[in-house]
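*Asks:*
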Amino acid sequence: MNIEISDLSVRYGATCVLHPLSLSFTSGEAVAVLGPNGAGKSTLLKALSGLVPTTGSIVLEPGDGDNADTPDKATIAYLPQDGLARVNLTVLEAVLLGRHDSLGLRVGDDALTAARDALETLGIEHLGQRTLDTLSGGQRQLAGLAQAVYRAPRILLLDEPTSALDLHRQMLVLDGLRDLARRRIMTVVLVTHDLSLAARFAERVIFLKNGRLVAHGPSESVLTGALLADVYDIEAEVLRTRNGHLHIAPLRPLGAPLGVGVNVGAA
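Sequential numbering of the sequence shown, starting at 20, is according to the numbering used here.
1. Near LEU161, which residues of its chain fall below 6 angstroms by C-beta distance, leaving aside the five closest residues on each side in sequence?
2. By how many angstroms is the C-alpha of LEU227 removed from the C-alpha of ALA217?
3. Under the rule that 16 or more other beta-carbon atoms within 10 Å means buried, what is SER276, buried or exposed?
4. Please classify ASP213: does DSSP put it in a helix, a strand, or coil?
5. By the three-class DSSP mapping on this structure, what secondary structure does VAL71 have?
6. Is it buried or exposed for ASP101, if we count other Cβ within 10 angstroms and need 16 for buried?
7. Kindly indicate which residue of THR45, THR94, VAL29, ALA51 has the alpha-carbon position closest to the one of ASP178.
8. Is ALA286 helix, strand or coil by DSSP?
9. Could you check the C-alpha separation between GLU48 and VAL224 for me, to the nearest Å?
10. Helix, strand or coil: how does DSSP classify THR181 here?
11. Give the single residue among PRO272, GLY127, ARG259 whose Cα lies nearest to the Cα of ILE253.
12. In this structure, does DSSP put LEU196 in helix, strand or coil?
13. For my contact list, LEU27 and THR73 are in at a C-beta cut-off of 8 angstroms; report their separation, rounded to the angstrom.
14. Please say whether GLY57 and SER25 have beta carbons closer to each other than 7 angstroms?
15. Quick check on the burial criterion: 16 or more other C-beta atoms within 10 angstroms. Buried or exposed for PRO237?
16. Using 7 angstroms as the limit for Cβ to Cβ distance, is LEU67 near chain D?
17. Less than 8 angstroms between the CB atoms is what I'm expecting for LEU37 and GLY59, so what's the real figure, rounded?
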């Protein structure tokens with residue numbers, strides 16, 4: 020599913036948190052949204068999900084492999100930062116709820132097979148009968164991802180989906196999501212603070228700062244030391260690993276040290 024957004028903006032009361040921007044997303048594409056805290060990254064995902072009031076336009080257009088009459092509700096899956104709650108549901112039940120508002124006395128064999136396939140895709144099939152309130156934060160994050168994958172959306176929007184995962188699992192999950200985007204011709208857009216993982220995962224990156232679009236394009240051309248200095252106020256080196264991936268090495272913060280010039284009061 021292709022997405023075309025034109026002059027999209029979001030206001031919370033009198034405050035503009037996302038200034039007008041225009042972007043496009045293509046079926047089968049993996050995109051990372053980057054920027055400092057408060058840049059508008061999560062707001063952009065919520066806007067694309069229809070969760071916040073917006074001005075401008077968001078147009079969903081069928082891409083390769085899409086049906087022109089795909090219902091909007093089934094088109095987009097959004098996983099927020101906090102993911103699944105600590106509740107007394109098994110992981111398998113939580114995944115099944117991704118397509119059903121409530122679980123009846125019987126779930127069809129096809130639904131069960133698809134849900135178990137989603138657990139296997141994320142490598143957590145062994146957690147299927149564990150309840151969410153017994154899982155670690157990282158395990159719940161994986162369960163939330165499995166639920167989103169089970170919904171089989173055309174557009175998958177993920178807000179910091181690997182923040183609670185160890186390095187091994189982060190790479191496995193992001194590599195798997197990228198491959199899933201290509202196999203299912205699905206658009207995957209994720210927010211992350213890990214620049215190196217973003218460069219590994221995404222064909223294209225989008226940088227926001229103070230609610231404004233700063234840069235977007237292929238990771239190879241956009242991720243530069245000059246841009247990182249502008250967006251994050253850091254000096255950094257952009258290196259290439261022996262397997263060809265970009266790696267971002269922060270060297271030092273730019274500007275005044277934290278707390279300098281700020282009156283923190285008497286001891």
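Here a beta-carbon is modelled for each residue, glycine too, at the ideal position from N, C-alpha and C.
*Replies:* Quick answer:
1. The residues are LEU141, ILE143.
2. Answer to the nearest angstrom: the Cα atoms are 14 angstroms apart.
3. In the sequence on display, residue 276 carries Pro and not Ser. Exposed.
4. ASP213 carries a coil assignment under DSSP once its states are collapsed to helix, strand and coil.
5. The three-state reading of DSSP puts VAL71 in coil, since its state is none of H, G, I, E or B.
6. With fewer than 16 Cβ atoms within 10 Å of its Cβ, ASP101 is classed as exposed.
7. It is ALA51.
8. Note that ALA286 scores 42 on pLDDT, short of 50, meaning its location in the model is unreliable; the coordinates nonetheless yield the value given after this. Three-state DSSP puts ALA286 in coil, outside helix and strand.
9. Rounded to whole angstroms, GLU48 to VAL224 spans 11 angstroms at the Cα level.
10. Reduced to three states, the DSSP call for THR181 is coil.
11. Put simply, of PRO272, GLY127, ARG259 the residue whose alpha carbon is nearest the alpha carbon of ILE253 is PRO272.
12. The three-state secondary structure of LEU196, taken from DSSP, is helix.
13. Confirmed, Cβ separation roughly 6 angstroms.
14. SER25 places its beta carbon 7 angstroms or farther from that of GLY57.
15. Around the Cβ of PRO237, a 10 Å sphere holds fewer than 16 other Cβ atoms; the residue is exposed.
16. Of the chains in the structure shown, none is chain D; there is only one protein chain.
17. The pair is a contact, with the Cβ atoms about 5 angstroms apart (cut-off 8 angstroms).
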